[in-house]
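What follows is a set of notes on a single structure, which appears directly below.
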Ligand code: FES
Ligand SMILES: [Fe+2]
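Following this line, the structure appears as structure tokens:
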């Protein structure tokens, strides 16, 4: 079964159908009260970028992997986050823990591999060895090194929680950081994500792009349903409606519905009876840096992780999740084809436009920039960012 029905109750689905039919019938879209003016330096300022890494990403949980990327005990994955490279390790009891990938001796990069399975992590430099729980197990030639309390020399640990099929991490080893994803998502948004059953999907593939584009430029590109006709004229524009969105803020996060042009085949009747499941995309925007797009037959998950030490570097990852693991050649061919289309759209269109934008906003003489009333999800993001910096303890 490749297509699954929308996992929401009839009332919610009818609401989606009614909102989209109204917008398409009237040429409208959900709108913010005003145009939003922003300072372009938010995309280029190194000081702001350093504050974001420390004051934002050092506190809030972000998705580091899908749980199926480390399915078995002792599986590990190294992930580069804004402040630390972290090693995620599935423990013998099934839980995932995360450690800063730095040897406590003199700072060797403990785990150079991207992924694998290990019970002991041995540092290549002088051979100190750590367990999967981060504890220091052995010191090479210990009698000559001198006396140290091994209990104080474990790898530094970051908070990790698995929820909705993902491994979430707070990118800080400070003692006072606590992770609580349900609380972070808020009741309604947590419910909406739970309904997607992302823990029943499998990660088919991960694409990683290291780009010289500020992470907010990329987040903005995926919050934006207004650029499809223009940017994606050669690929997906014929299949998707542009600039017609139903936006539902849910606390600091938000959900957006957009339509495929195929919705016209079910438009015209009563919203309550319209089978819209295959004709809409439901996107969940997770502040600060993630998007989950539900297509009728798969999920696309994007995250934009600022690189250390720069305002413009971002590691962008896209994951394609499928309901059933692809086993046969036919299944693999189907998802490979989907993936190739996604990559073409991303690499040849979104990244080209956004690379140009990053260069253009680096010009010395530019005025303020504007988000229209129709760019309502982008406005939500920028308002939230501004609030988060005004009072970092509240995070909007
Ligand atoms: S730096 Fe790791 S053992 Fe010396
Ligand atoms: Fe795009």
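In this note's numbering, the protein residues as written are 1340 to 1735. Ideal Cβ positions, reconstructed from N, Cα and C, are used throughout, including at glycine.
For residue 1503, the closest alpha carbon among the candidates 1450, 1401 and 1424 is that of 1401. The stretch 1572-1657 contains no complete alpha helix (DSSP H) run of 4 or more residues.
Here DSSP, grouped into helix, strand and coil, assigns residue 1570 to helix.
For residue 1368, same chain residues with a beta-carbon under 6 Å away, outside a window of 5 residues either side, are 1362, 1582, 1583, 1584 and 1713 in chain order.
Across the structure, residue 1688 and residue 1377 are spaced so that their CA atoms are roughly 24 Å apart.
Distance from the CA atom of residue 1535 to the CA atom of residue 1703, rounded to whole angstroms, is 45 Å. Annotated as proximal: residue 1546 and residue 1656, with beta-carbon spacing under 9 Å. Distance between residue 1592 and residue 1694, taken at the CA atoms: about 26 Å.
At the C-beta level, residue 1560 and residue 1579 stay beyond 9 Å of one another. In this structure, the C-beta of residue 1684 approaches ligand 2 to less than 8 Å from one of its heavy atoms.
Contact between residue 1418 and residue 1404 holds, with the beta-carbon distance rounding to 6 Å and staying under 8 Å. Three or more Cβ pairs drawn from the stretch 1646-1653 and the stretch 1386-1399 lie within less than 8 Å of each other, which places the two stretches in contact. Contact annotation: residue 1616 and residue 1344 have beta-carbon atoms nearer than 9 Å.
Every residue whose beta carbon comes nearer than 5 Å to a heavy atom of ligand 1 appears here in chain order: 1442, 1444, 1445, 1447, 1462, 1464, 1465 and 1467. The continuous stretches of beta strand (DSSP E) do not include residue 1719, which lies in the alpha helix (DSSP H) extending over residues 1715-1729. Residue burial annotation: residue 1448 is exposed, with fewer than 16 other C-beta atoms found within 10 angstroms of its C-beta. Between the alpha carbons of residue 1461 and residue 1372 lies a distance of about 57 Å. Excluding sequence positions up to five before and after residue 1453, its CB lies within less than 6 Å of the CB of 1417, all in the same chain and listed in chain order. The beta carbons of residue 1586 and residue 1716 sit closer together than 9 Å. Looking from the CA of residue 1658, the closest CA among 1726, 1595 and 1544 belongs to 1544. By the Cβ-count criterion, residue 1491 is exposed, with fewer than 16 other Cβ atoms from all chains shown falling within 10 Å of its own Cβ. At the C-beta level, residue 1435 and residue 1474 stay beyond 9 Å of one another.
Residues whose Cβ lies closer than 6 Å to any heavy atom of ligand 2, listed in chain order: 1560, 1566, 1570, 1571 and 1689.
DSSP places residue 1554 outside any beta strand (DSSP E); the residue lies instead in the alpha helix (DSSP H), whose first and last residues are 1554-1562. Note on residue 1484: under 16 other CB atoms within 10 angstroms of its CB, so exposed under the neighbour-count rule. For residue 1427, the enclosing beta strand (DSSP E) stretches over residues 1424-1429. As the crow flies, the alpha-carbon of residue 1525 is around 20 Å from that of residue 1728.
For residue 1709, DSSP records a beta bridge to 1376. In summary, residue 1594 is buried, with 16 or more beta-carbon neighbours lying within 10 Å of its beta-carbon over all protein chains present.
Counting every other CB atom within 10 Å of its CB across the protein chains shown gives residue 1459 a total below 16, marking it as exposed. Inclusion of residue 1588 and residue 1395 in the CB contact set at 9 Å is not warranted, their separation being larger than that value.
The residues 1419, 1547, 1549, 1644 and 1646, in chain order, have a CB closer than 7 Å to that of residue 1654 in the same chain once the five nearest residues on each side in sequence are set aside. The stretch 1566-1577 makes no contact with the stretch 1602-1619; the number of CB pairs closer than 8 Å stays below 3.
Residue 1352 and residue 1476 have their C-alpha atoms some 55 Å from each other. DSSP, read as helix, strand or coil, puts residue 1467 in coil.
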